[in-house]
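Undergrad:
Numbering (the working numbering), first residue to last: 2 to 286.
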């Protein structure tokens, strides 16, 4: 039986390369929801977004509502229109050849029960070694390249709007697992995905990859990971411990390799303060 799959790509001031990325997967979807968090609609500038294309539903929020809210908008539309799965994609991500057909084949033929998310393997510099075949049970997966079971989406309660951006995917993934469902990465389904303005550096022979996220992202990442720690520490303590270690590694890489160190450290501090004061949603520095 053919899967009923919708897709969502969240836009924010996109460039024309986005069209090439979308073309890499749109033909394998029943519909693609383009949720635009830009201040102005793009349909006049990008003919690709014209409503005459029945595969696309374009929704402009006229402001940045955050990735979580944008994903929830698309998920609600998909559920209303009878779709069972939702492919979530970033505007700068591209599907490799046959990525979706490989994911679909896995869903239809696997004997693994209670699957909440089936994800492609991201092809990014941060991966130490790519797994070439089979599948991997994951703790969490990134938003882009993930097929979300919409029945489980409803059970979890959707994406956490208050996080706005960053850790939205990890928070949702842990919610899926807490409800008794698993997350599977299909290793030969490859997603071409960028990671910040990442670059490869070496420190005494040790490979380090600073992501060079902007200062506002440093704020969101800090605030939201602390929120996740409080929510899921008792349920998934090992994940939290690993992420705390990653947090310290990111600070070391910032100090060694990134620009505007004082400003970025100040944003990390502001993220801690915002969490402590219960300030969530969009933040303006």
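For each residue, glycine too, the CB sits at the ideal point set by N, CA and C. Predicted model, so just to flag it, every value in this text is computed and none were measured.
Since I believe residue 138 is in contact with residue 89 (beta carbons under 8 Å), could you give me their beta-carbon distance rounded to a whole number of angstroms?
TA: With a beta-carbon spacing of about 19 Å, residue 89 and residue 138 fall beyond the 8 Å limit used to define contacts.
Undergrad: In whole angstroms, what is the alpha-carbon distance linking residue 17 and residue 24?
TA: 12 Å
Undergrad: Just tell me which of 245, 237, 121, 141 has its CA closest to the CA of residue 193.
TA: Ranking the options by Cα distance to residue 193, first place goes to 121.
Undergrad: Can you tell me whether residue 182 is helix, strand or coil according to DSSP?
TA: Of the three classes helix, strand and coil, the one that applies to residue 182 here is coil, per DSSP.
Undergrad: Could you give the distance in angstroms between the alpha-carbon of residue 234 and the alpha-carbon of residue 84?
TA: 33 Å
Undergrad: Determine, using beta carbons only, whether residue 107 and residue 9 come nearer to each other than 7 Å.
TA: no
Undergrad: When the Cα atoms are used, what is the spatial distance from residue 178 to residue 231?
TA: 16 Å
Undergrad: Mind checking which residues open and close the alpha helix (DSSP H) that includes residue 117?
TA: Careful: residue 117 lies outside any alpha helix (DSSP H), inside the beta strand (DSSP E) at 116–124.
Undergrad: Start and end of the beta strand (DSSP E) containing residue 150?
TA: 147–150
Undergrad: What is the DSSP secondary structure of residue 34, counted as helix, strand or coil?
TA: strand
Undergrad: Identify whether residue 95 lies in helix, strand or coil by the three-state DSSP scheme.
TA: strand
Undergrad: Shortest alpha-carbon distance to residue 41 belongs to which of 175, 13, 224?
TA: Comparing Cα positions, the closest option is 13.
Undergrad: Exposed or buried, residue 264, counting other C-beta atoms within 10 Å across all chains shown (16 or more means buried)?
TA: Classification of residue 264: exposed, given that the 10 Å Cβ count is below 16.
Undergrad: Take residue 32 as the anchor and find which of 259, 249, 80 has the nearest alpha-carbon.
TA: For the residues 259, 249, 80, the minimum Cα distance to residue 32 belongs to 80.
Undergrad: Can the beta-carbon of residue 119 be found closer than 7 Å to that of residue 68?
TA: no
Undergrad: Pick helix, strand or coil for residue 100, following the three-state DSSP scheme.
TA: helix
Undergrad: What residues match up with residue 11 in a beta bridge as DSSP calls it?
TA: 36, 91
Undergrad: Starting from residue 245, trace the alpha helix (DSSP H) in both directions and tell me its first and last residue.
TA: 238–258
Undergrad: Could you tell me which residues DSSP pairs with residue 61 in its beta bridges?
TA: 37
Undergrad: Is the beta carbon of residue 170 sitting closer than 7 Å to the one on residue 143?
TA: yes
Undergrad: Let me know the secondary structure DSSP gives residue 142 once reduced to three states.
TA: Note: residue 142 maps to coil in three-state DSSP.
Undergrad: Given residue 117, which residues of its chain have a CB within under 7 Å of its CB, disregarding the five upstream and five downstream residues?
TA: 150, 153, 177, 182, 183, 184
Undergrad: Which whole-angstrom value describes the C-beta separation of residue 56 and residue 30, a residue pair presumed to lie in contact below a C-beta threshold of 8 Å?
TA: 7 Å
Undergrad: How is residue 155 classed by DSSP in three states: helix, strand or coil?
TA: helix
Undergrad: Classify residue 16 as helix, strand or coil using the three-state DSSP reduction.
TA: coil
Undergrad: Going along the chain, which residues of its own chain have a beta-carbon closer than 6 Å to the beta-carbon of residue 268, five neighbours each way excluded?
TA: Excluding residues within five positions, the ones whose Cβ falls inside 6 Å are 216, 219, 220.
Undergrad: Quick one: Cα of residue 37 to Cα of residue 105, how far?
TA: 27 Å
Undergrad: In whole angstroms, what is the alpha-carbon distance linking residue 239 and residue 102?
TA: 33 Å
Undergrad: Nearest to residue 189 by CA position, among 174, 97, 229, is which residue?
TA: 97
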